[in-house]
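Colleague: If you're matching positions, the sequence shown starts at 7 in our numbering and goes up one per residue.
Please find one structure pasted underneath; my questions will follow.
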Amino acid sequence: MNDGVNGVALAVFIFFFVLVTAMGFLAARWRRAANEQSLDEWGLGGRSFGTWVTWFLLGGDLYTAYTFVAVPAAIYAAGAAGFFAVPYTILVYPLIFTFLPRLWSVSHKHGYVTTSDFVRGRFGSKGLSLAVAVTGILATMPYIALQLVGIQAVLDVMGVGGGEDTNWFVKDLPLLIAFGVLAAYTYSSGLRAPALIAFVKDTLIYIVIAVAIIYIPIKLGGFDDIFASASEKFTASGKGGVVPDSGGQWTYATLALGSALALFMYPHSITATLSSRSRNVIRRNTTILPLYSLMLGLLALLGFMAIAAGVKVDNGQLAIPQLFENMFPDWFAGVAFAAIGIGALVPAAIMSIAAANLFTRNIYKDFIKPDATPQQETKVSKLVSLLVKVGALIFVLGMDKTVAINFQLLGGIWILQTFPALVGGLFTRWFHRWALLGGWAVGMVYGTVAAYGVASPTQAHFGGSSDEIPGIGEIGYIGLTAFVLNVLVTVVLTFVLRAVKAPDGIDETKPSDYTADAGDAGVQVELPPATAGSSH
Numbered sequence: 007m008n009d010g011v012n013g014v015a016l017a018v019f020i021f022f023f024v025l026v027t028a029m030g031f032l033a034a035r036w037r038r039a040a041n042e043q044s045l046d047e048w049g050l051g052g053r054s055f056g057t058w059v060t061w062f063l064l065g066g067d068l069y070t071a072y073t074f075v076a077v078p079a080a081i082y083a084a085g086a087a088g089f090f091a092v093p094y095t096i097l098v099y100p101l102i103f104t105f106l107p108r109l110w111s112v113s114h115k116h117g118y119v120t121t122s123d124f125v126r127g128r129f130g131s132k133g134l135s136l137a138v139a140v141t142g143i144l145a146t147m148p149y150i151a152l153q154l155v156g157i158q159a160v161l162d163v164m165g166v167g168g169g170e171d172t173n174w175f176v177k178d179l180p181l182l183i184a185f186g187v188l189a190a191y192t193y194s195s196g197l198r199a200p201a202l203i204a205f206v207k208d209t210l211i212y213i214v215i216a217v218a219i220i221y222i223p224i225k226l227g228g229f230d231d232i233f234a235s236a237s238e239k240f241t242a243s244g245k246g247g248v249v250p251d252s253g254g255q256w257t258y259a260t261l262a263l264g265s266a267l268a269l270f271m272y273p274h275s276i277t278a279t280l281s282s283r284s285r286n287v288i289r290r291n292t293t294i295l296p297l298y299s300l301m302l303g304l305l306a307l308l309g310f311m312a313i314a315a316g317v318k319v320d321n322g323q324l325a326i327p328q329l330f331e332n333m334f335p336d337w338f339a340g341v342a343f344a345a346i347g348i349g350a351l352v353p354a355a356i357m358s359i360a361a362a363n364l365f366t367r368n369i370y371k372d373f374i375k376p377d378a379t380p381q382q383e384t385k386v387s388k389l390v391s392l393l394v395k396v397g398a399l400i401f402v403l404g405m406d407k408t409v410a411i412n413f414q415l416l417g418g419i420w421i422l423q424t425f426p427a428l429v430g431g432l433f434t435r436w437f438h439r440w441a442l443l444g445g446w447a448v449g450m451v452y453g454t455v456a457a458y459g460v461a462s463p464t465q466a467h468f469g470g471s472s473d474e475i476p477g478i479g480e481i482g483y484i485g486l487t488a489f490v491l492n493v494l495v496t497v498v499l500t501f502v503l504r505a506v507k508a509p510d511g512i513d514e515t516k517p518s519d520y521t522a523d524a525g526d527a528g529v530q531v532e533l534p535p536a537t538a539g540s541s542h
């Protein structure tokens, strides 16, 4: 690692950062609507994005800076077990093809902005809606923090901010500046800012990956030498070589499946989805988004390249930025660092908007000010998006980085517990609202307690996301085990509650709402009422 600042790389990084900052503020003028003071406009970009804008937005949203840093870092540390991210992003697209168009249609019909809006309308339950909203906010906060961790990793490798003994303000000033700029243009432009910036972010990432996958192997003697170096490292460390042994197969499979089920439960994934202008846009995106999975597979190989290149770092998250620093000319290292940095800004903006929308629609409007006007909703959402970013910044500046990572792992376990209410509700009204709430509570408690009990060589609690599966004895993903318990409790309680004729909530949707398109007669996008009622 360089002792001083890499001036050339920093100059290139600053150039692209200034470029996307200008784009972020100019985005407020892009497709400007007559009435900008509504969550439809600020929080969903007017629900107007076509296939390619949605593709770049979803790609920028799902494949984040932390993905860029963490996936190859997992390969660098654990071998092929880290490749679980590749099959899960392949599994997820057939899955979302079945339910995202239905969610888009019913949301477009009733003006739903969040998943909690849909849950409240479908089951007539503010309590269940609140549970989904709180889960979404809790799961999103550390995810935003990890985007800032990605930026900080790049700044550290470039030598910006000084050493560990440097005054904390000077050391963290570059990150504070990046945070301030992100907060300003998100507040000003809403979802249009990350939608526009995503074009630059994804273009840079594809260029960097294409160059890295050709250029670095040539410098290292080819893939044979790269895999041989990796195999030698893992064999020497007692991990059994590049490919994990049979004992890790359950962990790999359950982590891939559980992650696939959880990915589109995150609020930011749904926010990007609902911003599209038709259900056909969603269907087309499920067929072309797997191109990102190809990119992710190539990206993961950088972990093996870092081993072959002799990269030695105390923090595995620095392995790939350090690989770029060591292998690329300074100017192209700057391009790669800019790709990671911008790759943090896009999802961080979408995540903060999504969390703010959940608070505004499903806490503020439902429980604090039911008669809030669209203008008041938009103002509250803008302010909360700033508070969410401040919370994420506190994670990064005030705590050990492993705290944010642990909470993000916990967030994945938590967000999966909203699957029965959201996806189940899109296809059936059979589940009872109280049963869904009970199943959610059991899944949340089990997942949190089980994760708390996982130790690692460096920490006593929250040391990972895998534990023994009850009744099977294999090690598997805690989130998937909690999800299975959630579903079992939900089904059993539904039978019981139906048998005792417990009061059911009012469903404000009807079957045709789930297949409606933007051009269909009668489709409305007005904001729904604060309380659930029947639209029949």
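Even glycine gets a Cβ: it sits at the ideal position worked out from N, Cα and C.
(1) If you check the beta carbons only, do Ala-398 and Met-147 fall under 8 Å apart?
(2) Assuming Ser-472 is part of the beta strand (DSSP E), what are its boundary residues?
(3) Taking the DSSP output, what are the residues bridged to Ile-481?
(4) Quick one: residues in its chain with C-beta nearer than 7 Å to the C-beta of Tyr-82, no 5 flanking neighbours on either side, listed in chain order?
(5) What is the C-beta distance between Leu-280 and Leu-50, in whole angstroms, given that I count them as a contact (C-beta under 8 Å)?
(6) Are the stretch 362 to 369 and the stretch 387 to 401 in contact at 8 Å, needing three or more beta carbon pairs?
(7) Taking the beta carbon of Ser-518 as the centre, do at least 16 other beta carbons fall within 10 Å, making it buried, or is it exposed?
(8) Can you tell me which of Gly-196, Ile-203 and Gln-465 puts its alpha carbon nearest to the alpha carbon of Arg-53?
(9) Is the stretch 418 to 438 in contact with the stretch 181 to 192, if contact means three or more CB pairs nearer than 8 Å?
(10) Going straight from the alpha carbon of Ser-265 to that of Gly-485, what length do you get?
(11) Kindly list the residues whose CB is nearer than 8 Å to the CB of Tyr-221, restricted to its own chain and excluding five residues on each side of it in sequence; keep chain order.
(12) Which parts of the stretch 219 to 302 are runs of the alpha helix (DSSP H), unbroken and 4 residues or longer, counting only runs that do not cross its ends?
(13) Within 10 Å of its beta-carbon, does Gly-349 have 16 or more other beta-carbons around it, so buried, or fewer, so exposed?
(14) Would you identify the three-state DSSP class for Ser-44, choosing helix, strand or coil?
(15) Take the Cβ of Phe-373 as the centre, count every other Cβ of all protein chains shown within 10 Å, and call the residue buried at 16 or more, exposed below.
(16) Pull up the CB-CB distance for Ala-278 and Leu-64, whole angstroms please, since I reckon it's below 8 Å.
(17) Quick check on DSSP: helix, strand or coil for Phe-437?
(18) Could you give the C-beta distance for Ala-427 and Leu-442, rounded to a whole number, given that I count them as a contact under 8 Å?
(19) Is it buried or exposed, Asp-67, if we count other Cβ atoms within 10 angstroms and call 16 or more buried?
(20) Below 8 Å on the Cβ atoms is my contact criterion, and I expect Ala-354 with Leu-161 to pass it. Report the Cβ-Cβ distance as a whole number of Å.
(21) For Ser-472, collect the residues of the same chain with a Cβ closer than 8 Å to its Cβ; drop the 5 residues on either side in sequence, then sort them by chain order.
(22) What whole-angstrom Cβ distance do Leu-305 and Pro-78 have, given they're in contact under 8 Å?
(23) Where does the unbroken alpha helix (DSSP H) through Leu-106 begin, and where does it stop?
(24) For Ala-137, which residues from the same chain have a beta carbon less than 7 Å from its beta carbon, with the 5 sequence-adjacent residues on both sides left out?
(25) Within this structure, are the beta carbons of Phe-90 and Ser-194 separated by less than 8 Å?
(26) Just to check my reading of the structure: Asn-291 and Trp-61 have Cβ atoms closer than 8 Å, yes? What is that Cβ distance to the nearest angstrom?
(27) Round the Cβ separation of Ala-15 and Gly-340 to the nearest angstrom and send it over; I've been treating them as touching at under 8 Å.
(28) Do Val-163 and Val-402 have their C-beta atoms within less than 8 Å of each other?
(29) With Tyr-69 as the anchor, note down where its alpha helix (DSSP H) starts and where it stops.
Modeller: For this structure:
(1) The count along the sequence shown starts at 1 and reaches residue 398 at position 392. The count along the sequence shown starts at 1 and reaches residue 147 at position 141. For Ala-398 and Met-147, yes; Cβs fall inside 8 Å.
(2) Locating residue 472 in the sequence shown gives position 466, where the first residue counts as 1. From DSSP, the beta strand (DSSP E) with Ser-472 extends over 472 to 474.
(3) Against the sequence shown, residue 481 aligns to sequence position 475. Glu-474, per the DSSP bridge assignment.
(4) Your numbering for residue 82 matches position 76 in the sequence shown. Hits under 7 Å: Gly-309, Ala-312, Ile-313, Gly-322 and Ala-325.
(5) For the purposes of this step, residue 280 is taken as residue 274 along the sequence shown, with counting starting at 1. For the purposes of this step, residue 50 is taken as residue 44 along the sequence shown, with counting starting at 1. Rounded, the Cβ-Cβ distance is 6 Å, consistent with contact.
(6) yes
(7) Sequence index remark: in the sequence shown, residue 518 carries index 512 (1-based). Counting Cβ neighbours within 10 Å, Ser-518 comes out exposed, since fewer than 16 surround it.
(8) For the purposes of this step, residue 53 is taken as the residue at position 47 of the sequence shown. Comparing Cα-Cα distances from Arg-53 to each of Gly-196, Ile-203 and Gln-465, the minimum goes to Gly-196.
(9) no
(10) As a working mapping, residue 265 is identified with position 259 in the sequence shown. As a working mapping, residue 485 is identified with position 479 in the sequence shown. C-alpha separation (whole angstroms): 8 Å.
(11) Residue numbering aside, residue 221 sits at position 215 when the sequence shown is read from its first letter. Once the five neighbours on either side are set aside, the close Cβ partners of Tyr-221 are Met-333 and Phe-334.
(12) 229 to 242, 255 to 269, 273 to 280 and 285 to 294
(13) Along the sequence shown, one-based indexing puts residue 349 at 343. Buried, by the Cβ-count rule.
(14) Taking the sequence shown and counting its residues from 1, the one referred to as residue 44 is at position 38. Correct three-state label for Ser-44: coil.
(15) What you label residue 373 is simply residue 367 of the sequence shown in a count that begins at 1. Exposed.
(16) As a working note, residue 278 is residue 272 in the sequence shown. As a working note, residue 64 is residue 58 in the sequence shown. Right, the Cβ-Cβ distance comes to about 5 Å (below 8 Å), so this counts as a contact.
(17) The residue you call residue 437 lines up with position 431 of the sequence shown. Residue state, collapsed to three classes: coil.
(18) What you label residue 427 is simply residue 421 of the sequence shown in a count that begins at 1. What you label residue 442 is simply residue 436 of the sequence shown in a count that begins at 1. Ala-427 to Leu-442, Cβ: 5 Å. Contact.
(19) For the purposes of this step, residue 67 is identified with residue 61 of the sequence shown, where counting begins at 1. Buried, since its Cβ has 16 or more Cβ neighbours within 10 Å.
(20) Taking the first residue of the sequence shown as 1, we reach residue 354 at position 348. Taking the first residue of the sequence shown as 1, we reach residue 161 at position 155. Ala-354 to Leu-161, Cβ: 15 Å. No contact.
(21) Stepping through the sequence shown from its first residue, residue 472 is reached at position 466. Answer for Ser-472: Thr-257, Thr-260, Leu-261, Val-460, Ile-481, Gly-482, Tyr-483 and Ile-484, listed in chain order.
(22) One-based indexing of the sequence shown puts residue 305 at position 299. One-based indexing of the sequence shown puts residue 78 at position 72. So it is a contact: roughly 6 Å between Cβ atoms.
(23) Start at 1 with the first residue of the sequence shown, and residue 106 comes out as number 100. Unbroken alpha helix (DSSP H) run through Leu-106: 91 to 116.
(24) As a working mapping, residue 137 is identified with position 131 in the sequence shown. Result list for Ala-137: Leu-443 and Trp-446, in chain order.
(25) Position 84 of the sequence shown, counted from the start, is the residue given in the question as residue 90. Position 188 of the sequence shown, counted from the start, is the residue given in the question as residue 194. Not closer than 8 Å, so no.
(26) For the purposes of this step, residue 291 is taken as the residue at position 285 of the sequence shown. For the purposes of this step, residue 61 is taken as the residue at position 55 of the sequence shown. Between Trp-61 and Asn-291 the Cβ distance is about 5 Å, and since that is below 8 Å, they are a contact.
(27) If you number the sequence shown from 1, residue 15 lands on position 9. If you number the sequence shown from 1, residue 340 lands on position 334. Confirmed, Cβ separation roughly 4 Å.
(28) Within the sequence shown, numbered from 1, the residue matching residue 163 stands at position 157. Within the sequence shown, numbered from 1, the residue matching residue 402 stands at position 396. Taking 8 Å as the Cβ cut-off, Val-163 and Val-402 do not qualify as a contacting pair.
(29) As a working mapping, residue 69 is identified with position 63 in the sequence shown. Looking at the DSSP string, Tyr-69 is not in any alpha helix (DSSP H), and its letter there is neither H nor E.
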